[in-house]
Amino acid sequence: MTKPVATTVAETRVRPWALAAYAAIGWALFTLTILHVVSSYDPMLDTLSRYAFTDHGVGMLEASLVSLAIGVVAVRGALHVAGVPLSRSTSVLFTATAAGLVAAALFPASFSPDIHPLVGRVHQLGSAVAFLSLPIIGLALLDGLRGHPALAEVRTALVCVLSLSWNGLALFGVSYFMDVFPVGLTQRLVLLVDFALLATFLALALRAARARRTSVR
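Letter 91 of the sequence shown, counting from 1, is numbered 91 in our numbering, and no numbers are missing.
Next up, the structure:
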């Protein structure tokens, strides 16, 4: 009788982390959407970094990035309490993602002469770390899902989202350096896929907690 209670407690522990993650990530997405509505920048051509210097919605980009960083930390917490195996390197990547987002928020890109080039480099580095770490986390989680039939649906979804993520990153890299596709558009596609990745991680946490209860029965 005690084992089912223990797994029910584990499920209950996942829920607050998941709610915190959904709230933080949802707020970040909402803030970014409003910022695009009120700003005069072109989302097809201008990168998100330019929105730190927008004529309307000042501070909204920074707020959304910090909120997203909080969401990343909450996602990691949900996976941990759900019993999803997280290696030390995977935990480091979660920390790097959150730190990269905060760095990108605190250190604006050097689009203005008032911004020191070194500050702009920190912004670029933080953004790159955040963009690259999430799909690598996805690969690490994917590897740990083999041999778990109860998580097969989540694994399939993760494979699909990861495919979109890596293709989106490649497209963004090409558009950034070769001006083949609108860089603003490709960057936003990558960001949307990152939101989808985080949502898939949360689905994995919730499903894993449920699977633990089923396995005990």
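In this text, a Cβ means the ideal position worked out from N, Cα and C, and glycines have one as well.
Report the rounded CA-to-CA distance for T95 versus G138, giving the unit in angstroms. The residue you call residue 95 lines up with position 95 of the sequence shown. The residue you call residue 138 lines up with position 138 of the sequence shown. Distance between the alpha carbons of T95 and G138 is about 14 Å.
Given this structure, state the Cα-to-Cα distance separating A78 from L134, to the nearest angstrom. As a working note, residue 78 is residue 78 in the sequence shown. As a working note, residue 134 is residue 134 in the sequence shown. Cα to Cα, A78 sits roughly 16 Å from L134.
Three Cβ pairs or more, each shorter than 8 Å: is that satisfied between the region 194-209 and the region 150-161? yes
Using the C-alpha atoms, what's the distance from G100 back to A128? Counting from 1 along the sequence shown, the entry for residue 128 is found at position 128. Counting from 1 along the sequence shown, the entry for residue 100 is found at position 100. Computed Cα separation, rounded: 8 Å.
Mapping the DSSP letters down to three states, classify D114 as helix, strand or coil. The residue you call residue 114 lines up with position 114 of the sequence shown. D114 falls in the coil class under three-state DSSP.
So, with DSSP's three-state summary, where would you put A78? Numbered from 1 along the sequence shown, position 78 holds the residue referred to as residue 78. Helix.
Rounded to whole angstroms, what's the CA-CA distance from F131 to L29? Just pull it up for me. If you number the sequence shown from 1, residue 131 lands on position 131. If you number the sequence shown from 1, residue 29 lands on position 29. If you take the alpha carbons of F131 and L29, they lie about 16 Å apart.
Do you know offhand how far Q124's Cα is from S91's? Within the sequence shown, residue 124 is the residue found at index 124, counting from 1. Within the sequence shown, residue 91 is the residue found at index 91, counting from 1. Q124 and S91: Cα-Cα distance of roughly 22 Å.
S40 (DSSP reduced to helix, strand or coil): Numbered from 1 along the sequence shown, position 40 holds the residue referred to as residue 40. Of the three classes helix, strand and coil, the one that applies to S40 here is coil, per DSSP.
Give the secondary structure of D179 by DSSP, where H, G and I count as helix, E and B as strand, and everything else as coil. In the sequence shown, counting from the first residue as 1, residue 179 sits at position 179. Residue state, collapsed to three classes: coil.
How is A69 classed by DSSP in three states: helix, strand or coil? Here the question's residue 69 lines up with position 69 in the sequence shown. Helix.
Backbone CA spacing between V5 and T12 [nearest angstrom]: Start at 1 with the first residue of the sequence shown, and residue 5 comes out as number 5. Start at 1 with the first residue of the sequence shown, and residue 12 comes out as number 12. Confidence at V5 is low in this model, with a pLDDT of 48, below 50, so the placement of that residue is unreliable and no value is reported for it.
With a CB to CB cut of under 6 Å and the five nearest residues on each side skipped, what residues in its chain are close to A150? For the purposes of this step, residue 150 is taken as residue 150 along the sequence shown, with counting starting at 1. Closer than 6 Å at Cβ, skipping near neighbours: A211.
Buried or exposed by the 16-neighbour rule on C-beta atoms within 10 Å, applied to G147: Here residue 147 corresponds to residue number 147 of the sequence shown, with the count starting at 1. G147 is exposed by the Cβ-count criterion.
Contact with chain B by D55, beta-carbon distance below 8 Å: In the structure shown, chain B cannot be found, because there is only a single protein chain.
Close Cβ partners of F181 (< 8 Å) along its chain, the five nearest in sequence each way excluded: Along the sequence shown, one-based indexing puts residue 181 at 181. Around F181: L171, V174 and S175.
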